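Enquirer: Have a look at the structure that comes next, please.
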Amino acid sequence: MPSMSEIVAEHTDLSDADQRWLKMLVSEWQLLADLSFSDLVLWVPDRDENVFWAAAQIRPNTGPTALLDDVVGDLIAYSPEHLVSEAFGSGQITRTSAAKLQAGMPVDTHAIPVKLADRVIAVVEQHTSQLGVRSPSSLESAYTGTGDLLARMVTVGAFPMPADSSNLAFSPRVGDGFIRVDAGGEVEYASPNALSAYRRLGQIGDLVDEHLPSLTASLVPTGPGPVDDSVTSVLAGRTARRTELVSGDAHLMVRVLPLLDGRERVGAIVLCRDVSDIRSKERQLVTKDATIREIHHRVKNNLQTVAALLRMQARRMESPEAKVALNDATSRVASIAIVHETLSQAFDEAVEFDKVADGLLKMVGDVSSTAVGVSAVRRGTFGVVSADMATGLSMVVTELCQNAVEHGLAEGSGEVLVLPSRRDGRLRVEISDDGLGMPADFDWRQSRSLGLSIVNTLIAEMEGTFEIGAQPEGRPGTRAVFEIPV
């Protein structure tokens, strides 16, 4: 299905300003669809003035759909009797005189001209199912009356309202809670969900005939002066506004939209949503996150203590083999500590691994006994990895770098080069040195090296691959390459 932007670009001569207005309308028109219980289709004029294209479509959340098929990308040719053509030419709302059958279903159809700067730039076709029509309830009457008013606002360029067209994904919807107030701020209608939401704030009794700004200010504890004025001014309905009302553990998200009849303000819509449970869960997540970071901090401290004890013990050892073994153990513990230090400063369970890798390379040079004149550098980026993967990855990098320093560069200076890269959901890391290289008959799979055994086990757990061997093209030194999915 083509997008609205593609259809407009391919078939119309609408200006950038016209396109921005239509995108704003489409971002807002769920409100009109829900209040009118209608499917909406946006028709834009072709460069050939006798043709219109369906650029967008939406269905109501409050009632049955009247259009069973998606029509985006379809076209209609000019016909004097066609509502879209008539509305585009006259600039007035047009409607069928009687319900027509669509797929065996009686449907009432309106065509609403979309105006910008006194020009008709498109038409919204409104399809309302008439199946099982009965006397409307008070809720349905309040919805449809407000929907009719919004439709008239579209015809004069008063809806959507630019100041109110941001963060719509988190805004209250019609079904969350609907209040209609008059120009003076008195409640004409409140849906059951809206009444329930206000009862969370402490309201007792009905909302109808209450002065909503004053009532809300009395329910929401605020400081003196400006804050009280803010609550009152938002709910007065003079401008499109949003706010969140808080009373104890109750949180109410509110969106206010003025209603205009021509140029006269005749009232406002107040949409409200009880977000108390959401805010409670957010607080729990913040507490959990802080607890996890504190745990990582304490684990890091404990690991650093263990590493320090191992380092002290290594200094006391007279056996060279024991000293090397303890230094290797120190590096392994310290590499894990670096990961926990990074996690203790993060706000999620993901690690920017470049920082960890740089710390590991510095540590490898510091603790390796042969590191005089040896440099370890990183070129490329690891990117972000999960906390579960970070510990294993840090140990693999530490082991391979430490092997390069202590074996490949054992007899002098040189460089250990770490080259990470990402492609197609996999992380590839190449670690090489320019040292002595490996014996021609060396098979790492048969090696009794504890470090290589650790590397092989960890990479297998991460479902990756690992190879180590001589540098390609006859260059001196050793190259290890591993790949893991990320």
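Residue numbers (our numbering): 1441 to 1926. Backbone N, C-alpha and C define an ideal beta-carbon position, used for all residues, glycine too. For clarity, every value in this text was computed on a predicted model and none was experimentally measured.
Of the residues R1818, V1791, G1799, which one's Cα is nearest the Cα of M1829?
Expert: Comparing Cα-Cα distances from M1829 to each of R1818, V1791, G1799, the minimum goes to V1791.
Enquirer: Could you tell me whether any non-hydrogen atom of the ligand COA is closer than 7 Å to the CB of S1611?
Expert: Absent from the structure shown: the ligand COA. Ligands present: none.
Enquirer: Mind checking which residues open and close the beta strand (DSSP E) that includes E1704?
Expert: From DSSP, the beta strand (DSSP E) with E1704 extends over 1704-1714.
Enquirer: Have a look at A1551, H1736, L1801, L1635 and flag the residue whose alpha-carbon is nearest the alpha-carbon of T1568.
Expert: Of the listed residues, the one whose Cα sits closest to T1568 is A1551.
Enquirer: Taking the alpha carbon of F1492 as the reference point, which residue from D1509, T1452, Q1459, S1476 has its own alpha carbon closest?
Expert: Measuring from the Cα of F1492, the nearest candidate turns out to be T1452.
Enquirer: Quick one: what does DSSP say F1822 is sitting in, helix, strand or coil?
Expert: Residue state, collapsed to three classes: coil.
Enquirer: Check for me: the beta strand (DSSP E) holding G1891 runs from which residue to which?
Expert: Not the beta strand (DSSP E): G1891 falls in the alpha helix (DSSP H), residues 1890-1901.
Enquirer: What number of angstroms, rounded off, separates the C-alpha of V1667 from the C-alpha of A1676?
Expert: Low local confidence applies: a pLDDT of 43 at V1667 is under 50, so the model's placement there is unreliable, with the coordinate-based value given in what follows. One C-alpha to the other measures close to 14 Å.
Enquirer: Of all the options E1734, E1526, P1553, A1747, which has the alpha carbon lying nearest to the alpha carbon of T1770?
Expert: Ranking the options by Cα distance to T1770, first place goes to A1747.
Enquirer: Buried or exposed: where does K1740 fall if 16 or more other Cβ atoms within 10 Å of its Cβ makes it buried?
Expert: The residue in question, K1740, is buried, as its Cβ has 16 or more Cβ neighbours within 10 Å.
Enquirer: What would DSSP say about P1653, mapped onto helix, strand or coil?
Expert: Residue state, collapsed to three classes: helix.
Enquirer: Is it the case that the stretch 1725-1745 contacts the stretch 1611-1626, given that we only count it when at least three CB pairs across the two stretches are under 8 Å?
Expert: No, the stretch 1611-1626 does not touch the stretch 1725-1745.
Enquirer: Under the DSSP definition of a beta bridge, which residues are partnered with A1690?
Expert: Note: A1690 sits in a beta bridge opposite S1687.
Enquirer: On the DSSP bridge list, what partners appear for W1483?
Expert: Answer by DSSP bridge pairing, in chain order: A1494, V1563.
Enquirer: Have a look at G1688, G1865, E1446, R1862 and flag the residue whose alpha-carbon is nearest the alpha-carbon of R1639.
Expert: The shortest C-alpha separation from R1639 is found at G1688.
Enquirer: Locate the beta strand (DSSP E) running through D1883, then write down its first and last residues.
Expert: Counting along the chain, D1883 falls outside any beta strand (DSSP E), and DSSP gives it neither H nor E.
Enquirer: On the DSSP letters alone, give me the boundaries of the alpha helix (DSSP H) that F1599 sits inside.
Expert: That residue, F1599, is in no alpha helix (DSSP H); it is neither H nor E in DSSP.
Enquirer: Could you give the DSSP three-state label for F1528: helix, strand or coil?
Expert: The answer is helix: DSSP assigns F1528 an H, G or I state.
Enquirer: According to DSSP, R1723 sits in a beta bridge with which residue or residues?
Expert: Partner(s): none; R1723 has no beta bridge.
Enquirer: Taking the alpha-carbon of E1781 as reference, which of S1815, V1764, L1743 has the nearest alpha-carbon?
Expert: Of the candidates S1815, V1764, L1743, the one whose C-alpha sits nearest the C-alpha of E1781 is L1743.
Enquirer: Start and end of the beta strand (DSSP E) containing V1856?
Expert: Looking at the DSSP string, the run of the beta strand (DSSP E) that includes V1856 is 1854-1863.
Enquirer: Verify whether the separation of the beta carbon atoms of M1601 and A1680 is less than 8 Å.
Expert: The answer is yes: Cβ separation under 8 Å.
Enquirer: Please report how far the alpha carbon of R1695 lies from the alpha carbon of V1836, in whole angstroms.
Expert: About 53 Å.
Enquirer: Here's the rule: buried if 16 or more other CB atoms are within 10 angstroms of the residue's CB, otherwise exposed. What is M1803?
Expert: It is buried - the Cβ of M1803 has at least 16 other Cβ atoms within 10 Å.
Enquirer: Please classify E1704 as buried or exposed, where buried requires at least 16 neighbouring CB atoms within 10 angstroms.
Expert: That one is exposed.
Enquirer: Would you call A1457 buried or exposed, if buried means 16 or more other Cβ atoms sit within 10 Å of its Cβ?
Expert: Its Cβ having fewer than 16 others within 10 Å, A1457 is exposed.
Enquirer: Going by the CB atoms, is the gap between G1832 and L1890 shorter than 8 Å?
Expert: Cβ distance not < 8 Å, so L1890 and G1832 don't count as in contact.
Enquirer: For S1720 and V1764, I'd like the C-alpha separation in whole angstroms.
Expert: Taking the straight line joining both Cα atoms gives about 53 Å.
Enquirer: Any idea which residues DSSP pairs S1872 with across the strands?
Expert: Per DSSP, L1857, R1919.
Enquirer: Is the beta carbon of W1483 sitting closer than 8 Å to the one on A1562?
Expert: Against a cut-off of 8 Å, the Cβ pair of A1562 and W1483 comes out as a contact.
Enquirer: From the DSSP output, read off the bridge partner residues of V1554.
Expert: Partner(s): A1562.
Enquirer: With respect to the beta strand (DSSP E) encompassing L1515, which residues constitute its N-terminal and C-terminal limits?
Expert: Start and end: 1515-1517.
Enquirer: Whole angstroms are fine: how far does the CA of V1547 sit from the CA of P1442?
Expert: Distance between the alpha carbons of P1442 and V1547: 26 Å.
Enquirer: Quick check: the Cα distance between V1448 and M1464, rounded to an integer number of angstroms?
Expert: Each residue's Cα considered, the two are about 14 Å apart.
Enquirer: Nearest by alpha-carbon distance to V1814: which of S1834, V1779, Q1842 is it?
Expert: Answer by Cα proximity: Q1842.
Enquirer: Where does the unbroken beta strand (DSSP E) through K1620 begin, and where does it stop?
Expert: According to the sequence displayed, residue 1620 carries Arg and not Lys. Element bounds for R1620: 1618-1622.
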